[in-house]
Structures are given as C-alpha cells and as structure tokens.
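See structure below.
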Amino acid sequence: MEDIAPGLLEKIQKQFYHDIEKSSIIKNFKKQAQRGKISYSQANEVAQEIGKILAQSYSDNLSSDILPDGKMYYNIASRVLDPTLKEAYEMAADNAAIVQQIMNEAAGIGIKTIRAQIQQDNINGIVNRISSEEYFDDVKWILDAPVRNLVQKAMDDTVQKNADFHAKAGLRPRIIRRSSGHCCEWCNQVAGTYVYPDVPKDVFRRHDNCDCIVEYYPGDGKKQNVWTKEWKYEKESDKIEERKAREKNELAIRIAEHPKMFQAYTPEGLKKALEKAGYEVKPLGRGSLKGIPFEEGGGFRVSYDGDGYLQYHPETNSHHGEAYYKTSSGRTGTKRYNLNGDEIND
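Take a look at the structure:
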C-alpha cells in the first residue's frame, strides 16, 4: 500500500503557508506589530484567521475518496495532523506573545512574556477521534470548528499563563472576556472583567465556533459582576490602608523568600513594580554609588516588614563583578543574588 501521508502533509502545508502569506488580516497585523500598535483583539482576529486557513487546507486536501478504504488511519492522522496543528498553534502563540510584550512595555512592566505551549493531549484528542471512525467523511467536521478552537486557544493560554506569572510577581492582573455580541447565553454569562486569581475556569473555556475575546491587562482591581453588569471595586476588608500596606509588604517578602522571582524582572521593571506597589524606592545609602539615582547609573533600595530591605546594585563598582540584588531581614538573613536569582556566595 502506498504511503500517502508525506504527500498529504506537503499539500496541506503548501496551501496553508500560501494562504497565510496572502491574508490581508495577517499582513496588517505584522505591520501594526512593527509599530508597536496592536491589541489582543487584533491578535485574536489573526488567530481566528490562522485557524480558518488551516481548516480550509484540511477540507481541500482530505476526503474519504483519497484515503485508503475511505478511512483516516492513525498512522496517517498522526503524521499529517500533528505537525500542522502545532505549526498553526505556535504561529498564533507567537503573535499573542508579541501583543503581551507590547502591553507589558506600555504599562511600564519589565516582566518577561511567557509564551504559551500547546498541550499534546489536545492534538491527541483530535487525532484519536478522527482515526476511530471507519469513514472519514462522517467525522471530517472535527477538522473544522475544533481545529479553529485549538488554534484560538493559543490566545487564551497566553492570557492565563502571563496573568498567573504576573500575579506571582506581585501584580494584580485583570482578565477581560468580551462577548462578540452574537454569542450564546453561556458566553454572555461568563463575559466580564475579573481580578486574578478570582477568575472562574469557564472564562478560559470556549465551545465550537466561539469567537469571544479573552484579554489580560495590568489592572486597578476593578471588577464587573457578570450577572448584574454593575461595576464595583473589590475590597478584601474595609480597612483599605491596611490592605495596601499588606500587599506592599507581600511583594518584597515574596521576592526575598523566592529569589528566583528576580529573573522575571529587569532591574527597571522591578523598580517600577515596587513603586507601583507603594514602596518608597530610594538610591543606595552606602558605597561609591551612595545617593546616585537609578536613572543616572545608580542602584536602588526599599525597606519592608520592619527590619527588612531589598536593594539592587548595578555592575558599576560591584565587588562581585556583575550586577546583583541583595535582601536582608531577621527572617531570611542577608543574601546576594545575580539577576537570575541564583545566590552569590562570597
């Protein structure tokens, strides 16, 4: 029996990349990305376009007529669908990461963007389902809406991963799910704005043909109730100042206790995050860089939790030959770390 998988894969990939290159939606996105003027809404539109193009490539090149016995055998499905699904997802994930990086920079957040990775189980589910039927044309619909959903999931995965990472770094991410306006009642119920991690799992889920948009923004704690549609500010207690003080201390304490968090920030990004959290960020108080502002090549320091302090020292005049962070408190002792959060032993 002739091995038709390589030929099918070549045809699908050829059509897929040809149509990707022709797409005006994708061309416009690339132009806007170069200018740094793109949004999650635009990236979501591109993800939908990528999914549609892949689904059409499958439709044009796969049918029971060209498959042995009219069936999509597993050894064909795995070699044709696996690589093409990954290519489409990764393309959408790359675009989502670009958007997130631009939004981080616009918000003054020096935190690295986390790129979503496809879950192999999602691909296996499609491959196993499509190869389990005796006649391909009976289940070819699986290579339409489910495929488009899988590609669009790259956007949702990017939002969820970055929001989780940012929350652990001391920020308060806002997750926004927008209805397209012609969605089902279920979509309308989960639409709204949430403060992470108080986000229902359904916010990151979607049904076939769902074109809702899930976005992430560094936020101010504003939340929309999805049932009443009334806007309100979240309050963890009536003592607002106590809450702010607690949140402020938590960021520095969390970093001191989990120094690997340093790698999530650039020095400038950490300084901005500390300022945003309410810390008084000062120049270093001792040594050759005493009193020199960070913007002029100096370091910075903040105090926390009574006797604790966290400081950044640039490479200039560093006794360690590199830039480093230093934390000190009665609880953790005094320690120094490189910019990746690895402890420096004197």
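The sequence shown begins at 159 in the numbering used here and counts up one residue at a time. All C-beta atoms, glycine included, are put in the ideal place defined by N, C-alpha and C. Keep in mind it's a predicted model, so treat the numbers as computed, not measured.
Which partner residues does K484 have in the DSSP bridge list? Note: K484 sits in a beta bridge opposite Q469 and R494.
Taking the alpha helix (DSSP H) that R193 falls in, what are its first and last residues? Boundaries cannot be given for R193, as no alpha helix (DSSP H) includes it and DSSP labels it neither H nor E.
Going by DSSP, what residues sit across from K440 in a beta bridge?
Beta-bridge analysis with DSSP links K440 to R459.
Checklist entry - Using a Cβ-Cβ distance under 9 Å, would A410 count as near chain D? => result In the displayed structure, chain D is absent; only one protein chain is listed.
Please work out which residues of its chain come closer than 6 Å, Cβ to Cβ, to I371, disregarding the five sequence neighbours upstream and downstream, and give them in chain order.
Take I371, set aside five residues on each side of it, and the residues of its chain with a beta-carbon closer than 6 Å to its own are S199, N202 and R336, in chain order.
Which residue from S461, M230 and E168 puts its Cα closest to that of L409?
-> From the listed residues S461, M230 and E168, the smallest Cα separation to L409 is found for S461.
Worksheet item: Going by the CB atoms, is the gap between N320 and Q421 shorter than 9 Å?
Response: The Cβ atoms of Q421 and N320 lie no closer than 9 Å to each other.
* Asked: For N262, which residues of its own chain have a beta-carbon under 7 Å away from its beta-carbon, when the five flanking residues on both sides are left out?
  -> Within the same chain, and ignoring the five residues on either side of N262 in sequence, the residues whose Cβ sits closer than 7 Å to its Cβ are I269 and T271.
Spatial neighbours of A122 within its chain, please: C-beta separation below 8 Å, excluding the five flanking residues on both sides.
Only positions 159 to 504 of the chain appear in this structure, which leaves residue 122 out of reach.
* Taking the C-alpha atoms as reference points, what is the distance between Q206 and Q310? -> Their backbone Cα atoms lie some 6 Å apart in a straight line.
Practice prompt. Leaving aside the five residues before and after V285 along the sequence, list all residues of the same chain whose C-beta is less than 8 Å from its C-beta, in chain order.
Written response: Correct list, in chain order: Y232, A235, S236, L239 and D240.
Review point. Nearest-angstrom Cα distance between K359 and A213?
Key: Our two residues, K359 and A213, have alpha carbons roughly 27 Å apart in a direct line.
**Q.** Spatially closest choice to A303 from K180, I334 and S217, by CA coordinates
**A.** For A303, the nearest C-alpha among the options comes from S217.
Kindly list the residues whose CB is nearer than 7 Å to the CB of K440, restricted to its own chain and excluding five residues on each side of it in sequence; keep chain order.
Excluding residues up to 5 positions away in sequence, F458 and R459 lie with their Cβ nearer than 7 Å to the Cβ of K440 in the same chain.
- prompt: So N361 and V348 are in contact, right, with Cβ under 8 Å, and what is the actual spacing, rounded?
  reply: It is worth fixing the name first, because residue 361 is Val in this sequence and not Asn. Correct: roughly 5 Å between the Cβ atoms.
inquiry  = Among G443, A250, D322 and L497, whose alpha-carbon lies nearest the alpha-carbon of I208?
reply    = The option with the nearest alpha carbon to I208 is A250.
Using 9 Å as the threshold, is the C-beta distance between E292 and G228 below it?
Taking the C-beta atoms as reference points, G228 is found nearer than 9 Å to E292.
Beta-carbon contacts of I502 that lie in its chain and below 7 Å, excluding the five residues immediately before and after: Correct list, in chain order: H478, Y482, R494, Y495 and N496.
Check your understanding: Which residues mark the beginning and the end of the beta strand (DSSP E) in which Y352 is found?
Key -> Run containing Y352: G350 to V353, per the beta strand (DSSP E) assignment.
- Spatial neighbours of I256 within its chain, please: CB distance less than 6 Å, with the 5 preceding and 5 following residues excluded, ordered by chain position. Contacts found: A191.
Self-check item: Residue closest to N280, alpha-carbon to alpha-carbon, out of D315, E453, S197 and K448
Solution: The shortest C-alpha to C-alpha distance from N280 to any of D315, E453, S197 and K448 is the one to D315.
TODO: Answer yes or no: do S486 and Y470 have a C-beta to C-beta separation smaller than 9 Å?
DONE: S486 is not a Cβ neighbour of Y470, given a cutoff of 9 Å.
Practice task
Ignoring anything shorter than 4 residues or poking outside the segment 266-305, list the alpha helix (DSSP H) runs there in chain order.
Solution key: For the segment 266-305, whole alpha helix (DSSP H) runs of length 4 or above, ordered along the chain, are 278-289.
Would L220 pass as a contact of I170 if the rule is Cβ separation under 9 Å?
Between L220 and I170, the gap from beta carbon to beta carbon is short of 9 Å.
Limits of the alpha helix (DSSP H) - the one that P226 falls within:
Segment: none, P226 is in no alpha helix (DSSP H) and carries neither H nor E.
- Item | Boundaries of the beta strand (DSSP E) in which I334 is found, first to last residue | It spans P331 to R336 - the beta strand (DSSP E) in which I334 sits, taken as one unbroken run.
* Would you tell me roughly how many angstroms separate the C-alpha atoms of S215 and R332, rounded to the nearest one? => Rounded to whole angstroms, S215 to R332 spans 36 Å at the Cα level.
Cβ-Cβ distance between V357 and A254 below 9 Å: A distance of 9 Å or more separates the beta carbons of V357 and A254.
Residues that DSSP places opposite V372 in a beta bridge:
In DSSP, V372 forms a bridge with R335.
* Asked: Near A312, which residues of its chain fall below 7 Å by C-beta distance, leaving aside the five closest residues on each side in sequence?
  -> The residues are A205, Y247, A250, A251, A254 and A274.
At what residues does the alpha helix (DSSP H) containing G427 begin and finish? Note, G427: alpha helix (DSSP H), P425 to K434.
Just the Cα atoms here: how many angstroms apart are F130 and F174? The first residue shown for the chain is 159 and the last is 504, placing residue 130 beyond what the model contains.
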